[in-house]
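To start, the structure under review is shown below, and the notes come after it.
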Amino acid sequence: MSTFFYEDRFENLYNEQGEKAYDPMEDILSDVINPSIILENITSREKCLSVKRSEKMIEEVSIKNQPRSEKPKQASPYNNYSDFTRKTFIDRMLEQPVKRGVVSKVARDLNINYRTAVGWWHLYNETEDIAYKKSEQNSGSKSLFTTAHNEYINELLDNDPRLVSDDITGSLTKKSEDFTISKSQFNNHLRNTMFITIKKPVFEAEVRNSAENLQTRYEWFMKWKGSDLDYTRNCILIDEAGFNINMRYN
Numbered sequence: 001m002s003t004f005f006y007e008d009r010f011e012n013l014y015n016e017q018g019e020k021a022y023d024p025m026e027d028i029l030s031d032v033i034n035p036s037i038i039l040e041n042i043t044s045r046e047k048c049l050s051v052k053r054s055e056k057m058i059e060e061v062s063i064k065n066q067p068r069s070e071k072p073k074q075a076s077p078y079n080n081y082s083d084f085t086r087k088t089f090i091d092r093m094l095e096q097p098v099k100r101g102v103v104s105k106v107a108r109d110l111n112i113n114y115r116t117a118v119g120w121w122h123l124y125n126e127t128e129d130i131a132y133k134k135s136e137q138n139s140g141s142k143s144l145f146t147t148a149h150n151e152y153i154n155e156l157l158d159n160d161p162r163l164v165s166d167d168i169t170g171s172l173t174k175k176s177e178d179f180t181i182s183k184s185q186f187n188n189h190l191r192n193t194m195f196i197t198i199k200k201p202v203f204e205a206e207v208r209n210s211a212e213n214l215q216t217r218y219e220w221f222m223k224w225k226g227s228d229l230d231y232t233r234n235c236i237l238i239d240e241a242g243f244n245i246n247m248r249y250n
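Take the sequence shown: its position 244, counted from the start at 1, is 244 in the UniProt record's numbering, and no numbers get skipped.
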């Protein structure tokens, strides 16, 4: 007995030996004359495959329809700088020459946000105070100055009023070996406790007042002295060298 059958392209049925076989279901419903019975092919393999949706498409649609999980919004990091960092920044700024980009450089070296550093420096320039953290338990660094220190400072300034702050701190350190203080703390003590005015020196290039430059200025003045230009009434003279050296960059 044959175990399987196959059909050729003319819909003829053959067994596994190649002999034409008889389909037992053939002509069973071919002679139906009842008009209420309608015969039609249910489907074919090609039609079934064309209508069937692929599993991959179903998976893609299901993935698209899934609600997206909202990622929790991460709060922007807040840098809580210590008072030591704030004081160190001011000390570094006081040690640096006045030039463009110095705030950015010092802030980058100390890992401080640029905008925060600019705010600290503006506050110090306006009030000469360090932007310490506001806290009831922290009202700034404790003063290391004693009455003996204040008397010694007054004595130094009475003997030489032109002393700079570095000279005074150096003298205090030599007198008291255990005495150490930063430049910002020292300036704050002189201004707020001892009421001593501190001025920054204005540096000028040596060549500006050299004999050659002075002679050039004199010759220029004598050349234009006899002209009709009255420099004392209708002219404004700008000293370019002094103007440039006193520029302040934010």
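Glycine included, C-beta positions come from ideal geometry on N, C-alpha and C.
- Taking all protein chains shown into account, Arg86 has 16 or more neighbouring C-beta atoms within 10 Å of its C-beta and is therefore buried.
- The region 162-176 and the region 186-194 touch, with three or more beta-carbon pairs separated by less than 8 Å.
- Collapsing the DSSP output to three states places Glu7 in a strand.
- Each of Ser210, Ile181 and Glu7 was checked against the Cα of Phe84, and the nearest Cα belongs to Ile181.
- Going by C-alpha positions, Arg92 is about 18 Å away from Lys199.
- Of the other Cβ atoms in all chains shown, 16 or more fall within 10 Å of the Cβ of Trp121; this residue is therefore buried.
- Here Tyr114 is exposed, its C-beta having fewer than 16 other C-beta atoms within 10 Å.
- By DSSP's assignment, Lys133 forms no beta bridge with any residue.
- Burial of Leu172 is indicated by the presence of at least 16 other C-beta atoms within 10 angstroms of its C-beta.
- In the DSSP annotation of this structure, the continuous segment of the alpha helix (DSSP H) that includes Ala148 starts and ends at Thr147 to Asn159.
- Taking 8 Å as the cut-off, the beta carbon of Tyr132 is found no closer than this to the beta carbon of Ile112.
- Per the coordinates, the alpha-carbon of Glu128 lies some 15 Å from the alpha-carbon of Ala117.
- Look at the region 159-192 and you find these whole runs of alpha helix (DSSP H), each 4 residues long or longer: 165-175 and 183-192.
- Counting along the chain, the unbroken alpha helix (DSSP H) around Asn213 starts and ends at Ala211 to Lys225.
- Here Leu144 is near Phe179, since their CB atoms are less than 8 Å apart.
- Taking the CA atoms as reference points, Glu95 sits about 10 Å from Phe89.
- When secondary structure is reduced to three states using DSSP, Thr116 falls in the helix class.
- Check the Cα spacing between Thr197 and each of Lys174, Met222 and Asn154: the tightest is with Asn154.
- Counting other Cβ atoms within 10 Å of its Cβ, Val103 reaches 16 or more and is therefore classed as buried.
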